[in-house]
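Q: In this note's numbering, the protein residues as written are 1 to 392. The beta carbon of each residue, even a glycine, is placed where N, CA and C say it ideally should be.
1. With DSSP collapsed to three states, give me the class of residue 31.
2. Would you call the region 74–87 and the region 285–293 in contact, with 3 or more CB pairs under 8 Å?
3. Rounded to whole angstroms, what is the Cα-Cα separation between residue 271 and residue 347?
4. Which class does residue 59 belong to by DSSP, given the choice of helix, strand or coil?
5. Just verifying my parser: in three-state terms, what is the DSSP assignment at residue 81?
6. I'd like the span of the alpha helix (DSSP H) that includes residue 140, first residue to last.
7. Beta-carbon within less than 6 Å of residue 88's beta-carbon, same chain only, minus the 5 sequence neighbours each way: which residues are those?
8. Let me confirm a value: residue 156 is counted as buried when at least 16 other C-beta atoms fall within 10 Å, else exposed. Which label applies?
9. Please report the distance separating the alpha-carbon of residue 36 from that of residue 110.
10. DSSP three-state call for residue 232: helix, strand or coil?
11. Hey, out of 243, 283, 213 and 224, whose CA is closest to residue 147's CA?
12. What are the start and end residues of each continuous alpha helix (DSSP H) run of 4 or more residues lying completely inside the region 273–307, in chain order?
13. For the 8 Å Cβ check, are there 3 or more pairs between the region 206–215 and the region 335–349?
14. Is the region 182–192 in contact with the region 124–136, if contact means three or more CB pairs nearer than 8 Å?
15. Are residue 191 and residue 285 close, meaning C-beta to C-beta below 8 Å?
16. Who are the Cβ neighbours of residue 106 in its own chain at under 8 Å, not counting the five residues just before and after it?
17. For residue 202, which residues in the same chain have their Cβ closer than 6 Å to its Cβ, ignoring the five residues on either side in sequence?
18. Determine the DSSP secondary structure at residue 356, reduced to helix, strand or coil.
19. Determine the DSSP secondary structure at residue 339, reduced to helix, strand or coil.
20. Does residue 120 come out as helix, strand or coil in the three-state DSSP assignment?
21. Can you confirm whether the region 208–228 touches the region 256–267 when touching is taken to mean that 3 or more C-beta pairs between the two stretches lie within less than 8 Å?
22. Output the distance between the C-alpha atoms of residue 365 and residue 235, rounded to the nearest integer angstrom.
23. Here's a check: name, in chain order, each residue in its chain whose Cβ is nearer than 6 Å to the Cβ of residue 21, leaving out the five neighbours to either side.
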């Protein structure tokens, strides 16, 4: 909305009399900061009312397959859930107000945010009304795949129509040849995998939210560099025109998560629920897909990867050998059963997430080969507002 308003003012101005303040306000970094501040303010100011409303209608039962975990979490029984609603509301507001809605990547972000929020809300509501354990794993996976496929097709159609290639960037090695339409299943795998990994991590007060802030911050830097002509050239990473607009999305996510942590820190007043974890994980995966840094996400989101792997290994080991590897999975529950206080587990996982984010950013410059350049035609949009380089 703001982007459209500024362009309307500019189009009405006499040629050569473009107000200087428009160039400053149009900058992606400025709009991303505004998106973060608005999302944070909405979460903090509206949080108490939303939590009170959720508490009257949506309280999460304390259910766990582990009797010991259920005992440790007995004080969490009937805590309001579906707090992801005001995180998603804040970031969507940031996108609508400060984003360039003509940007196909932001359109894909809206698809992921709204689609997976609806899916997560359906799962949470079924749990609270005692309909089994929520959506079946198959139904949830099908829903995630459908939403991710639609978003991936939007990205693929836009990039292919603008003549951009689909290389797969490998840290330390450079880029593989153009993936073509194989980009779509890869993108779906990344978004669905990231969505489920964040969902599995959301088990302690503030755990998923804090780790997401570090991972999203790192991917925001990556997306901005990918869409910036000079930075992409300097870092030897594929240039994706318009990818820097994802900074608006990341700003909204970080602001909303900071506001949510105000109420989700131990002892939590509200839980994120699948309503928040599914879309936020999917959006993190989308940023990596747009920036063509799918494998870098494995490093940046290392905590989420390890949490998901701990569940896979635990289930596989028990099915094949009837023996458990961990005291309990996901991994954060293993440390709880080893006697770590919940606050220690959360803060130490935050530290690990911050380290993974720093390691991922450092890996950007560790390329031994420079990728083949696929210049895209110049388009005078917000993707070029932070620099004065005209693309060929």
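A: Short version:
1. The residue given as residue 31 occupies position 31 in the chain shown. It is helical.
2. no
3. In the chain shown, the residue the question calls residue 271 occupies position 271. In the chain shown, the residue the question calls residue 347 occupies position 347. Cα to Cα, residue 271 sits roughly 17 Å from residue 347.
4. As a first step, residue 59 is located in the chain shown; it is residue number 59 there, counting from the start. Strand.
5. Counting from 1 along the chain shown, the entry for residue 81 is found at position 81. Residue 81 falls in the coil class under three-state DSSP.
6. Counting from 1 along the chain shown, the entry for residue 140 is found at position 140. Residue 140 -> alpha helix (DSSP H) spans 137–161.
7. Locating residue 88 in the chain shown gives position 88, counting from the first residue. If we look at residue 88 and ignore the five residues flanking it on each side, its Cβ neighbours are 113, 117 and 279.
8. As a first step, residue 156 must be located in the chain shown, where it is residue number 156. Buried, by the Cβ-count rule.
9. Along the chain shown, one-based indexing puts residue 36 at 36. Along the chain shown, one-based indexing puts residue 110 at 110. Spanning the two alpha carbons is a distance of roughly 16 Å.
10. For this step, residue 232 is matched to residue 232 along the chain shown. Reduced to three states, the DSSP call for residue 232 is helix.
11. On the chain shown, position 147 is the one that residue 147 refers to. Selected option, being the one with the closest Cα: 283.
12. 273–290 and 294–300
13. yes
14. no
15. In the chain shown, the residue the question calls residue 191 occupies position 191. In the chain shown, the residue the question calls residue 285 occupies position 285. Taking 8 Å as the Cβ cut-off, residue 191 and residue 285 qualify as a contacting pair.
16. Numbered from 1 along the chain shown, position 106 holds the residue referred to as residue 106. Correct list, in chain order: 95, 99, 100, 245, 246, 248 and 249.
17. Here residue 202 refers to the residue found at position 202 when the chain shown is read from its first residue. So the list reads 208, 272 and 277, once near-sequence residues are dropped.
18. Numbered from 1 along the chain shown, position 356 holds the residue referred to as residue 356. DSSP places residue 356 in helix when its eight states are reduced to three.
19. Taking the chain shown and counting its residues from 1, one reaches residue 339 at position 339. Coil, per DSSP.
20. Reading the chain shown from its first residue, position 120 is the one you call residue 120. In this structure, residue 120 counts as helix in the three-state DSSP scheme.
21. yes
22. Position 365 of the chain shown holds residue 365. Position 235 of the chain shown holds residue 235. Distance between the alpha carbons of residue 365 and residue 235: 5 Å.
23. Counted from its first residue, the chain shown places residue 21 at position 21. With a pLDDT of 46 at residue 21, under the threshold of 50, the modelled position of this residue cannot be trusted; read the value that follows with caution. Nothing listed; no residue qualifies.
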